[in-house]
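Numbering (UniProt numbering), first residue to last: 1 to 321.
We treat Cβ as the ideally placed atom computed from N, Cα and C, and that holds for glycine.
Just so it is clear, the structure is predicted and the values come from calculations on it, not from any experiment.
First the structure, in the form of structure tokens, and then the observations on it.
The structure is reproduced here in structure tokens:
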């Protein structure tokens, strides 16, 4: 049975390397001074001072170059630490440099792998619970509040039929208000639980979503959905929710006059694209966009947002083949 040797501690290995570099520089400097015709008197003569200064400068410069090249990966590692985001998968540092720093970089990359895996698992549980809660609320809205409002409408109809003529117009207004509330409850329930997604498929669900968005916002949507392969339920739900959130962001922030929603199969995978001609200039990612990134990670997809001020916004989701 073979026993793996204990790993070298990075701080000891780094100390040893710096010690050897400095020792090598000073050893070479000593040998050069010993073999060169230059001499130093005691006390030092004025004419010898430039020689000493040049020698010292050469030694310091050589030492600085060697130490800097040895520690260069640490600068890249610090930059990665500052920009790392667990929602942006695959941001890693190449394992380059000497053995001790390579070990440090590899350990940091492995730590990011573990954190991303844990974040994805936690997000999956959270989003699954969120979908379950949405379905529960949608059922209660449809079965309880919706039925209660329907009963109220039927009662109002009987009251209107029996009411005197001078009250009927007012009661008709109340009746229309209750009917509008019932329609709003049904719309909220559909948004919370897209039954059309499970009943008719993703293409029909996106059509219904686009029509509802245009009706509520007044912004026309050009929809282009190509023939789709058979998709997992999780993939379909992620595509639908990201399209839903993308259109919601357009209605809230973009001030757009038109929107284009495209879903097609390409060589690198399935691509969902939501483009608008609004004001653009997304400088800060809010909870909505971060939620979209979390959903994308659940199916291994890549979410890209291109938003230039005055040139609209493109939200692109690529689900790998």
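In the three-state scheme derived from DSSP, where H, G and I count as helix and E and B as strand, residue 226 is classed as coil. Note: residue 314 is bridge-paired with 275 and 306 in the DSSP secondary-structure output.
DSSP places residue 264 within a strand segment (E or B) once states are collapsed to three. Each residue's CA atom was taken as its position, placing residue 92 and residue 115 some 13 Å apart. Between the alpha carbons of residue 187 and residue 310 lies a distance of about 32 Å.
Straight-line spacing of the CA atoms in residue 127 and residue 300 works out to 15 Å. Put simply, the backbone Cα of residue 235 is about 18 Å away from that of residue 135. Looking at the DSSP output, residue 319 bridges to 270.
A straight line joining the alpha-carbon of residue 256 with that of residue 207 spans about 19 Å.
The beta-carbon distance between residue 226 and residue 265, rounded to whole angstroms, is 6 Å. This is short enough to meet the 8 Å contact definition. Counted as a single uninterrupted DSSP element, the stretch harbouring residue 257 is not any alpha helix (DSSP H), since DSSP gives it neither H nor E. A direct Cα-to-Cα measurement between residue 104 and residue 295 gives close to 31 Å. Residues of the same chain with a CB within less than 8 Å of the CB of residue 308, apart from the 5 flanking positions on each side, are 280 and 281 in chain order. In this structure residue 59 touches residue 26 by the C-beta definition: roughly 7 Å separates them, less than 8 Å.
Checking the DSSP bridge columns, you'll see residue 221 partnered with 259.
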